[in-house]
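Each remark here refers to the structure printed beneath this line.
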Amino acid sequence: VQPACINQEEDVTGQFGVAVGWGFTEDDDVSATLKAARMPVVSTTTCLEHDRDTFGQTLDSSLFCAGHTNGTTVCNGDSGGGLHVKRGNAWYIVGIVSFTAPREDQSLLCKKDSYAAFTNVVTFVPWLRNVTELLSLAEKGSVTVRDGHDADPTRRYPNYLPRLCGNFLVSRIVGGTPAKLFEFPWMALLAYRTELSESTEYLCGGSLINKRYVLTASNCVYPKTPFQVRLGEHDLNSYKDCNPNDASDCAPPVQDVAIDYIVRHQQQDRRTKSNNIALIRLTREVSFDDHIQPICLPVTQTLREQKLQRYIVTGFGRTETYGDVSNIPLKATLPAVSKADCQQELGITLGESHLCAGSAKDGGDTCQGDSGGPL
Numbered sequence: 004v005q006p007a008c009i010n011q012e013e014d015v016t017g018q019f020g021v022a023v024g025w026g027f028t029e030d031d032d033v034s035a036t037l038k039a040a041r042m043p044v045v046s047t048t049t050c051l052e053h054d055r056d057t058f059g060q061t062l063d064s065s066l067f068c069a070g071h072t073n074g075t076t077v078c079n080g081d082s083g084g085g086l087h088v089k090r091g092n093a094w095y096i097v098g099i100v101s102f103t104a105p106r107e108d109q110s111l112l113c114k115k116d117s118y119a120a121f122t123n124v125v126t127f128v129p130w131l132r133n134v135t136e137l138l139s140l141a142e143k144g145s146v147t148v149r150d151g152h153d154a155d156p157t158r159r160y161p162n163y164l165p166r167l168c169g170n171f172l173v174s175r176i177v178g179g180t181p182a183k184l185f186e187f188p189w190m191a192l193l194a195y196r197t198e199l200s201e202s203t204e205y206l207c208g209g210s211l212i213n214k215r216y217v218l219t220a221s222n223c224v225y226p227k228t229p230f231q232v233r234l235g236e237h238d239l240n241s242y243k244d245c246n247p248n249d250a251s252d253c254a255p256p257v258q259d260v261a262i263d264y265i266v267r268h269q270q271q272d273r274r275t276k277s278n279n280i281a282l283i284r285l286t287r288e289v290s291f292d293d294h295i296q297p298i299c300l301p302v303t304q305t306l307r308e309q310k311l312q313r314y315i316v317t318g319f320g321r322t323e324t325y326g327d328v329s330n331i332p333l334k335a336t337l338p339a340v341s342k343a344d345c346q347q348e349l350g351i352t353l354g355e356s357h358l359c360a361g362s363a364k365d366g367g368d369t370c371q372g373d374s375g376g377p378l
């Protein structure tokens, strides 16, 4: 059980959608299994030219036609179901099965060689937003409740550790490669005021862990303190982030959220760099979308005791020791390194709150600007 995203594109004419349902099949039997059909969306003119008697008095901006030209349609029992299109790694509902042309034999069954009319979902986005009070109609949060009236949630604080998190959709990261759009939707950028002007600079990273909290490093919040967190960013040099291979596949706008307060670990030691961790509470809940999703935390004993051999690090940091900050997030695969080897390389003593990763041989590493970001 998963929610569909709500289409917010104005025109889907010419696109193919997938209709699903348990309605009557070509044999005039109700289907015992869920069926799917790929249906082309056609213009209102095409639909009217085909059957003005059926559609002439009904078609307006709240309806569109699909099917027929490739031999597909929907039928009795499919009404109320959705017509969906896939964008990136998410499915969007663009239409709701409304009606088809009736057969001429007075059977009230659908006419097989005709277009079907669908309620145009995008027309009703303002109404949906008003009724559901959702800030984002691509909302992916969830909570489970027990049966009964006024039941308590089975998880007392459902937003602290969301069930739907860590969804892969498809950094001085030295030796890294560019991350894809939507690939690491939990990436956060910490914004600081520059000392000599009112401009903004991004000096650290972080990870969104639920709608209200960002996890980062303690040295990213003290002595210099960020004032804002940016979520959903992919290209700092671009106002609108789009897939380079598909200009129509674009991310929603970034979300810049002010910081309510910051909690540094009470046992952080700046000399030994131990317990270098902090939580940032945002002034409001963020809206989850394709480009903004929380990362999972290793909350189970099994996850915490896993001995991993490789990690993925991401960030907007410098790409070379004295190089420029990257405008897009970079990713690199880093091998796990023993503490003994790491201590010898770094010349410091490591404690229980540390782990090491990276390779001088392979060239993968992090750098200035990646602090606070996720491994």
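For what it's worth, my numbering labels the leading residue of the sequence shown as 4, then goes sequentially. Glycine residues also receive a C-beta, built at the ideal position from the N, C-alpha and C atoms.
- CA-CA distance, Gly74 to Pro181, rounds to 43 Å.
- Judged by their CB atoms, Ala22 and Gly84 are nearer to each other than the 9 Å cut-off.
- No residue range can be given for Phe230, since it is assigned to no alpha helix (DSSP H) and is classified by DSSP as neither H nor E.
- Spatial neighbours of Gly24 in its own chain (CB-CB distance under 6 Å, excluding positions within 5 residues in sequence) are listed in chain order as Asp81 and Gly84.
- Ranked by how close their Cα comes to the Cα of Glu198, the residues Ala261, Pro229 and Trp189 have Pro229 in first place.
- It is roughly 13 Å from the alpha-carbon of Gln296 to the alpha-carbon of Leu218.
- Put simply, the backbone Cα of Phe102 is about 46 Å away from that of Leu300.
- Under DSSP, Asp249 forms a beta bridge with Asn246.
- Note on Val224: 16 or more other CB atoms within 10 angstroms of its CB, so buried under the neighbour-count rule.
- Setting aside the 5 residues that flank it on each side, Asp259 is surrounded in the same chain by Gln231 and Arg233, each with a C-beta closer than 7 Å to its C-beta; the list follows chain order.
- With fewer than 16 other Cβ atoms inside 10 Å of its own Cβ, Tyr264 counts as exposed.
- The secondary-structure analysis by DSSP pairs Glu29 with nothing; it has no beta-bridge partner.
- In the three-state reduction of the DSSP assignment, Asp344 falls in the helix class.
- With a beta-carbon spacing of about 7 Å, Ile298 and Leu211 fall inside the 8 Å limit used to define contacts.
- If you draw a straight line from the Cα of Lys227 to the Cα of Arg196, it comes to about 9 Å.
- Boundaries of the beta strand (DSSP E) harbouring Pro43: Lys38 to Val45, taken from the DSSP string.
- Take Thr126, set aside five residues on each side of it, and the residues of its chain with a beta-carbon closer than 7 Å to its own are Ser64 and Ser65, in chain order.
- DSSP, read as helix, strand or coil, puts Trp189 in coil.
- Runs of the beta strand (DSSP E) lying entirely within the segment 51-85 and spanning at least 3 residues, in chain order: 66-69.
- Here the alpha carbons of Ile99 and Gln271 stand approximately 55 Å from one another.
- Check the Cα spacing between Asn240 and each of Phe319, Ile283 and Val302: the tightest is with Phe319.
- Here the alpha carbon of Ile262 sits roughly 14 Å from the alpha carbon of Cys207.
- For Asp56, the closest of Thr303, Glu107, Ser34 and Glu12 by C-alpha to C-alpha distance is Glu107.
- Apart from sequence neighbours up to five positions away, the residues of its chain that approach Val257 with a beta-carbon distance below 6 Å are Arg233, Gly235 and Glu236, ordered along the chain.
- Judged by their CB atoms, Asp32 and Thr76 are not nearer to each other than the 9 Å cut-off.
- Using a Cβ distance threshold of 9 Å, Gly354 and Val340 do not count as a contacting pair.
- Exclusion of the five residues before and after Arg284 leaves Arg215, Tyr216, Ile262, Asp263, Tyr264, Ile265 and Val266 as the residues of its chain whose Cβ lies within less than 8 Å of its Cβ.
- The distance from the Cβ of Leu62 to that of Gly20 is about 17 Å, inconsistent with a contact at the 8 Å cut-off.
- The beta carbon of Tyr314 sits closer than 6 Å to the beta carbons of Leu337, Ala360 and Leu378 from its chain, once the five residues preceding and following it are set aside; these are given in chain order.
- Taking Gln18 as the centre and dropping the five residues before and after it, the same chain places the C-beta of Val44 and Val88 closer than 7 Å to its C-beta, in chain order.
- Close CB contacts of Asp54 within its chain, under the 8 Å cut and outside five residues either way in sequence, are with Ala104, Ser117 and Tyr118 (chain order).
- Using a Cβ distance threshold of 9 Å, Cys245 and Leu282 do not count as a contacting pair.
- When C-alpha distances from Gln346 are compared across Lys310, Lys276, Gln312 and Ser251, the shortest belongs to Lys276.
- Residue pairing by DSSP places Cys299 opposite no residue, since no beta bridge is assigned to it.
- Taking 9 Å as the cut-off, the beta carbon of Thr203 is found no closer than this to the beta carbon of Ala191.
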